[in-house]
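Report on the structure given below.
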Amino acid sequence: MSGAVNQMESSARPEPIPMVDLRQHYAPLKEAMLAGIGTILDGASFILGEQGRALEAEIAAFIGVGHGIGCASGTDALMLALRALDIGPGDEVIVPTFTFIATAEAVRYVGATPVFVDVDDRYYRIQPEAVAAAITPRTRAIIPVHLYGLGADMPALLELAAAHGVEVIEDCAQSLGATLGGRKLGSLGRLACFSFFPSKNLGGAGDGGMVVTDDAELARRLRGLRNHGSWQTYRHEVLGYNSRLDEIQALILRELFVHIEAYTRGRQQAAEYYREALAGLDLRLPEVPAGQNHVYHQYTIQVRDRDALRAALQAEGIASAIYYPIPGHRQQAFADLAPASCPVAERLSETVLSLPMFPELRRDQVERIATVIRTHLRS
7 MSGAVNQMES SARPEPIPMV DLRQHYAPLK EAMLAGIGTI LDGASFILGE QGRALEAEIA
67 AFIGVGHGIG CASGTDALML ALRALDIGPG DEVIVPTFTF IATAEAVRYV GATPVFVDVD
127 DRYYRIQPEA VAAAITPRTR AIIPVHLYGL GADMPALLEL AAAHGVEVIE DCAQSLGATL
187 GGRKLGSLGR LACFSFFPSK NLGGAGDGGM VVTDDAELAR RLRGLRNHGS WQTYRHEVLG
247 YNSRLDEIQA LILRELFVHI EAYTRGRQQA AEYYREALAG LDLRLPEVPA GQNHVYHQYT
307 IQVRDRDALR AALQAEGIAS AIYYPIPGHR QQAFADLAPA SCPVAERLSE TVLSLPMFPE
367 LRRDQVERIA TVIRTHLRS
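Count along the sequence shown from 1, then add 6; that gives the number in the working numbering.
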């Protein structure tokens with residue numbers, strides 16, 4: 007009898023809705039991936055092989071640039087890009103404070119100083135006017151982050167960079183496939199960096215990253231830097247990194263990449279479901295400026311009493327996340343830097359909430375999420 011009661015209680019519980027459903031995402035491709043992994047195991051070539059080279063060429067062509075250089079993570083991609091430009095001690099790099107720590111962390115790793123600036127509260131983009139105010143004779147680069155899947159104001163940033171003779175490195179960790187003015191993000195700066203962390207729009211079964219560029223000499227430098235500073239076996243011209251994208255990850259990413267356009271359409275459809283279901287409520291939904299294409303790595307709203315809403319969602323088995331609760335300039339890891347004034351980022355850190363977002367998210371799941379939000383806001 008107790009077993010029957012437990013079964014009834016289980017069936018009465020609502021279906022959990024995760025932030026991202028990787029099991030569902032991988033299921034249709036599992037057999038092909040396992041077969042490919044078997045081929046790699048049989049060939050016993052695991053590093054800097056044909057799968058990695060093919061993925062580099064495919065990603066570069068997709069972005070619209072000449073070269074892709076695979077590496078071990080998105081963080082490594084940023085470090086490699088900075089090193090390729092000879093950025094290091096004594097240099098400053100301007101970064102948005104409202105993003106994941108890896109952007110500023112990479113700057114510190116190469117010995118340079120991250121300079122945090124504020125973002126706008128409409129598109130979460132680094133503010134060009136704040137960038138202009140932060141430029142000094144020591145500034146070597148700007149790293150705009152295309153946060154949540156939407157591009158930064160690249161025309162304004164590129165104009166600033168050209169006027170001051172500084173480089174632009176695009177942080178595309180969350181924006182693979184997004185466009186601005188008909189061009190893919192990642193094709194606008196001197197270099198661009200991608201992450202293949204599992205939850206990304208193109209995510210592997212572990213860590214991975216890539217730098218893309220149209221500059222052949224930078225590509226050559228990057229290939230050596232990722233391989234212990236070596237361009238010829240056992241000859242090391244500089245100190246580099248052990249940061250290669252392995253063959254198994256490359257194969258998995260290639261199997262997924264075939265479907266990247268469909269995955270993007272799925273995310274955009276889910277965003278449209280949210281827009282319809284959440285219309286008229288006392289919260290701020292994502293906006294997309296004219297001429298841009300959003301790929302919705304995250305679907306992030308702004309809402310008062312954010313933590314209470316998050317608790318209400320959790321009580322109904324619905325996941326949510328806060329990206330990001332502490333701006334970079336407030337992180338203990340950067341406590342030794344000069345204080346920065348970033349009031350918008352500090353306000354956003356208290357109001358943003360990211361809702362479940364993945365290509366397979368169904369309309370009925372979004373409607374259930376919206377019902378919980380509506381009930382909470384009207385209570």
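Built from N, CA and C at the ideal position, the CB exists for glycine as well.
Counting along the chain, the unbroken alpha helix (DSSP H) around Met39 starts and ends at 36–49. For Glu64, the enclosing alpha helix (DSSP H) begins and ends at 56–69. Put simply, of Ala63, Ser79, Leu262, Val174 the residue whose alpha carbon is nearest the alpha carbon of Ser249 is Ser79. Assigned with DSSP and collapsed to three states, His242 falls in strand. Counting only the Cα atoms, Pro161 lies some 26 Å from Asp82. Ranking Lys206, Thr103, Tyr32, Asp252 by CA distance to the CA of Tyr130 puts Thr103 first. With contact defined as three or more Cβ pairs closer than 8 Å, the region 142–156 and the region 93–102 are in contact.
Annotation: the continuous alpha helix (DSSP H) that includes Pro134 extends over 134–140. Taking every protein chain shown into account, the CB of Ile53 has fewer than 16 other CB atoms within 10 angstroms, so this residue is exposed. In this structure, the straight-line span from the alpha carbon of Ala136 to that of Pro349 is close to 12 Å. For Gln57, the CB contacts under 6 Å within the same chain, skipping 5 residues up- and downstream, are Glu253, Ala256, Leu257 in chain order. A contact between stretches requires three or more CB pairs, one per stretch, nearer than 8 Å, and the region 224–235 fails this requirement with the region 26–37. The DSSP-derived three-state label of Ile175 is strand.
The three-state secondary structure of Asp313, taken from DSSP, is helix.
In summary, Leu315 is buried, with 16 or more beta-carbon neighbours lying within 10 Å of its beta-carbon over all protein chains present. The C-beta distance from Val217 to Ala87 rounds to 5 Å, short enough to fall under 8 Å.
Residues His242, Glu243, Val244, Leu245, Gly246 of the same chain have their beta carbon placed closer than 7 Å to that of Gly235, with the five preceding and five following residues left out of the count.
The alpha helix (DSSP H) runs of length 4 or more contained entirely in the region 176–248 are, from start to end of the chain, 222–231. DSSP places Gly80 inside the alpha helix (DSSP H), whose first and last residues are 80–90. Taking 7 Å as the cut-off, the beta carbon of Val309 is found no closer than this to the beta carbon of Leu354.
In this structure the region 65–74 does not touch the region 296–303; the number of beta carbon pairs closer than 8 Å is below three. For Glu98, the uninterrupted beta strand (DSSP E) segment begins and ends at 98–102.
According to the DSSP assignment, Tyr305 belongs to the beta strand (DSSP E) that extends over 305–308.
Taking C-beta atoms under 8 Å as the contact rule, Ala318 and Val378 qualify, at a distance of about 6 Å. Around the C-beta of Gln338, fewer than 16 other C-beta atoms lie within 10 Å, and the residue is accordingly described as exposed. Spatial neighbours of Thr270 in its own chain (CB-CB distance under 6 Å, excluding positions within 5 residues in sequence) are listed in chain order as Gly183, Val301. About 17 Å separates the Cβ atoms of Gly42 and Glu62, ruling out a contact at the 8 Å cut-off. Taking 8 Å as the upper bound for CB-CB distance, Ala179 and Ser193 are not in contact here, some 16 Å apart. Rounded to whole angstroms, the separation of the alpha carbons of Gly209 and Gly286 is 34 Å. Taking 7 Å as the cut-off, the Cβ atoms of Thr105 and Leu153 count as close. Cβ contact annotation for Ala138 (same chain, cutoff 8 Å, sequence separation greater than five): Leu166, in chain order.
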